[in-house]
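Q: Protein chains in written order, with the working numbering: chain A, 1261 to 1503; chain B, 1391 to 1653. Sharing a structure here in structure tokens format.
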Amino acid sequence: EHLQTQRVSIPAESRVQYTFPQSANWQLFFYKPNLWWPNGMGKQSLYNVVITVDVKGYGESDSWGHLFGFRKIESHIDSATGGRLFKINGEPIFIRGGNWILSDGLLRLSKKRYSADIKFHADMNFNMIRCWGGGLAERPEFYYYCDLYGLLVWQEFWITGDVDGRGDPVSNPDGPLDHDLFMLCARDTVKLLRNHPSLALWVGGNEQIPPEDINTALKNDLKLHPLFQNVLNENGDSATGFS
Amino acid sequence: MAGIGKTKLVSGWLAARSTEVNLTGTQLTTTNPPSKGPRSPWIDAEVPGTVLGTLVKNKVVPDPFYGLENETIIDIAHSGREYYTFWFFTTFQSELSGSQHLDLNFRAVNYSAEVYINGHKKVLPKGMFRRHSLDVTDIVHPEGQNLLAVLVHPPDHPGSIPSQGGQGGDHEIGKDVATQYVEGWDWIAPIRDRNTGIWDEVSIYVTGPVKIIDPHLVSTFFDNYKRVYLHATTELINRSAWVVDCSLNIQVTTELEGNMCLV
Chain A
1261 EHLQTQRVSI PAESRVQYTF PQSANWQLFF YKPNLWWPNG MGKQSLYNVV ITVDVKGYGE
1321 SDSWGHLFGF RKIESHIDSA TGGRLFKING EPIFIRGGNW ILSDGLLRLS KKRYSADIKF
1381 HADMNFNMIR CWGGGLAERP EFYYYCDLYG LLVWQEFWIT GDVDGRGDPV SNPDGPLDHD
1441 LFMLCARDTV KLLRNHPSLA LWVGGNEQIP PEDINTALKN DLKLHPLFQN VLNENGDSAT
1501 GFS
Chain B
1391 MAGIGKTKLV SGWLAARSTE VNLTGTQLTT TNPPSKGPRS PWIDAEVPGT VLGTLVKNKV
1451 VPDPFYGLEN ETIIDIAHSG REYYTFWFFT TFQSELSGSQ HLDLNFRAVN YSAEVYINGH
1511 KKVLPKGMFR RHSLDVTDIV HPEGQNLLAV LVHPPDHPGS IPSQGGQGGD HEIGKDVATQ
1571 YVEGWDWIAP IRDRNTGIWD EVSIYVTGPV KIIDPHLVST FFDNYKRVYL HATTELINRS
1631 AWVVDCSLNI QVTTELEGNM CLV
């Protein structure tokens, strides 16, 4: 439906970051695209996004593809109950969720297992799966089936109260030994999973706040990019957005 | 010339306990490639998978999820880390043209590893939840078979399990960046190898001089979801020795029924 091409020049033996659109004239605009909805609220509409790079004098150098869902996920802490309330595409949603650790304790993971596991959750009328901090950062295949069947995902990082500072006796009060390694893994995991429409919430850990430096770094890395920090008026229009 | 893109290395993997292999990684991937046999320590491996998964597959140990079989499998705390340090071996083909690059990718390894390709050594640093990408363009054989051996080490702090069990055993595993349930919890007995292994996909990836890295897609919504924009950011790496002029294309399509595509 939409194809856009831009010219880029990349210096020798170097790495650059490039953003579509570069200007208001080069925006990927969609009029009323089919939105992605969680299980029970509507269809899980997905679009194929393909990015390719052609090098002059060579041809196609690389290609990347991902299924993408147009959806907006918002949440806030309800002052009356202290619970987190979610809205999807502007609609409030009653979360019916299940705890999750892994598909198999010996990591005998497969698309077939994930398909069965996630579909089972959808058939049970769940709309959220919470990945516990003592387990895995789940794999792209897990998220693919959550995208397909409409299961929102709450993904925790690898911190638990029992092991990281709230056990009896207290152990690892400062979390893992190597905080830089933790952040490297966290950042790489975010990059691996961030394009899945089902990914709804990152949480620092299970029943425990990560060590202060890790928590601060995670909150900073995962905050909304300044490009998207627009104030919305009553109609939901951006005050400083694209015309 | 090889086509660009990913090829998973899913079959033909062998594994052996490191203490039973008297060869170096360089020897395994040059003069002395392994083979199975009655007196060979090499068995069919679960890749992606774990050491314990490989041992269960080959019936070297019973399946720990049945009965009390887990009690018959020696825990890493008693055996030592070396007992669950394993070699994994496979071969793969590559046919690259002059401007092509080949990456060997490990989407996740638990917990660290040494990689040998055709006699050359590379290290996969620690961490269970990180991707590893090795540029092996200058190491692979231009035509023909490449030999790959990976020595996988368990987590640095596998810990030991108190007699009363409990959530995460003695919590030593928390010192590493790895799954914590492997020391046992109120819903699972301890995993004896702490899930050591190449637990996610291994692949080779062919590109031209420019590679796309970790694109990020974000949508913004206006006018009650009638007006929608897609923003895409990506990193690009030019691995050639000259400036390149590129066309960067982004295309969005929907899939209609019956494998038809609207472009």
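Glycine residues also receive a C-beta, built at the ideal position from the N, C-alpha and C atoms. Please read all numbers here as calculations on a predicted model, not as lab measurements.
Helix, strand or coil for residue 1452 of chain B? Go by DSSP, reduced to three states.
A: coil
Q: Name the chain B residues that come within less than 7 Å of residue 1361 of chain A, Cβ to Cβ?
A: 1571
Q: What residue from B:1524, B:1500, B:1430, B:1507 has the CA that sits closest to residue 1416 of chain B's CA?
A: B:1507
Q: Give me the Cα-Cα distance between residue 1382 of chain A and residue 1482 of chain A, rounded to the nearest whole angstrom.
A: 28 Å
Q: Taking 7 Å as the threshold (C-beta atoms), are residue 1584 of chain B and residue 1464 of chain B in contact?
A: no
Q: What residue range is occupied by the uninterrupted alpha helix (DSSP H) comprising residue 1373 of chain A?
A: 1371 to 1383
Q: One question on the structure: do residue 1269 of chain A and residue 1635 of chain B come within less than 7 Å of each other, judged by their Cβ atoms?
A: Yes, they are a contact pair.
Q: What runs of the alpha helix (DSSP H), each 4 residues or longer, lie entirely inside the segment 1433 to 1497 of chain B?
A: 1441 to 1447, 1466 to 1469
Q: Can you tell which of A:1390, A:1350, A:1321, A:1343 has the C-alpha that lies nearest to the C-alpha of residue 1334 of chain A?
A: A:1350
Q: Express the C-alpha separation of residue 1450 of chain A and residue 1397 of chain A in angstroms, rounding to a whole number.
A: 9 Å
Q: Of all the options A:1354, A:1373, A:1467, which has the alpha carbon lying nearest to the alpha carbon of residue 1300 of chain A?
A: A:1354
Q: So, helix, strand or coil for residue 1501 of chain B, using DSSP?
A: In the structure shown, residue 1501 of chain B sits in coil (DSSP, three-state: anything other than H, G, I, E or B).
Q: Taking the Cβ atom as the reference point for each residue, do residue 1380 of chain B and residue 1278 of chain A lie within a distance shorter than 7 Å?
A: Lying before the first or after the last residue shown, residue 1380 of chain B is absent from chain B, which here runs from 1391 to 1653.
Q: I need the DSSP call for residue 1286 of chain A, collapsed to helix, strand or coil.
A: Because residue 1286 of chain A sits at a pLDDT of 49, beneath the cut-off of 50, its placement in the model cannot be relied upon, and the following sentence gives the value as read from the coordinates. Looking at residue 1286 of chain A - three-state DSSP - the assignment turns out to be coil, as it is neither helix nor strand.
Q: Can you tell me where the alpha helix (DSSP H) with residue 1415 of chain B in it begins and where it stops?
A: 1415 to 1418
Q: Cβ of residue 1432 of chain B within 7 Å of Cβ of residue 1392 of chain B?
A: no
Q: Tell me which same chain residues have a C-beta within less than 7 Å of the C-beta of residue 1458 of chain A, skipping the five on either side of it?
A: 1403, 1406, 1407, 1411, 1412, 1413.
Q: List, in order along the chain, the chain B residues whose C-beta lies closer than 9 Å to that of residue 1395 of chain A?
A: 1569, 1570, 1571
Q: What three-state label does DSSP hand residue 1273 of chain A in the structure shown?
A: coil
Q: Does the distance from the CB of residue 1492 of chain B to the CB of residue 1437 of chain B come in under 7 Å?
A: The answer is no: Cβ separation not under 7 Å.
Q: Report the three-state DSSP secondary structure of residue 1449 of chain A (helix, strand or coil).
A: helix
Q: Go ahead and pull the three-state DSSP assignment for residue 1565 of chain B.
A: helix
Q: Under a three-way DSSP split, which group does residue 1250 of chain A fall into?
A: This structure cannot settle anything about residue 1250 of chain A, because the visible part of chain A is limited to 1261 through 1503.
Q: In chain B, which residues lie less than 8 Å from residue 1293 of chain A when you measure between Cβ atoms?
A: 1618
Q: Mapping DSSP to helix, strand and coil, what is residue 1408 of chain B?
A: helix
Q: Taking just the CA atoms, how far does residue 1340 of chain A sit from residue 1346 of chain A?
A: 15 Å
Q: May I ask you to list the residues that DSSP assigns as paired with residue 1459 of chain A?
A: A:1413
Q: So that I know if they touch, is there some Cβ in chain A lying closer than 7 Å to that of residue 1431 of chain B?
A: It does not; no Cβ of chain A falls within 7 Å.
Q: On the criterion of 16 or more Cβ atoms from any shown chain inside 10 Å, does residue 1575 of chain B qualify as buried, or is it exposed?
A: buried
Q: Determine, using beta carbons only, whether residue 1578 of chain B comes closer than 7 Å to chain A.
A: yes
Q: Could you work out which residue in A:1291, A:1455, A:1489, A:1448 is closest to residue 1478 of chain A when comparing CA atoms only?
A: A:1448
Q: Measure the Cβ-Cβ separation of residue 1388 of chain A and residue 1343 of chain A and say whether it is below 7 Å.
A: no
Q: Shorter than 7 Å from the beta carbon of residue 1504 of chain A to some beta carbon of chain B?
A: Absent from the structure is residue 1504 of chain A, since the part of chain A shown begins at 1261 and ends at 1503.
Q: Please report the straight-line C-alpha distance between residue 1298 of chain A and residue 1348 of chain A, rounded to a whole angstrom.
A: 8 Å
Q: Along chain B, in chain order, which residues have C-beta atoms closer than 7 Å to that of residue 1463 of chain A?
A: What residue 1463 of chain A touches in chain B: nothing, since even the nearest Cβ is about 15 Å away.
Q: Which value, in whole angstroms, describes the spacing of the CA atoms of residue 1595 of chain B and residue 1325 of chain A?
A: 14 Å
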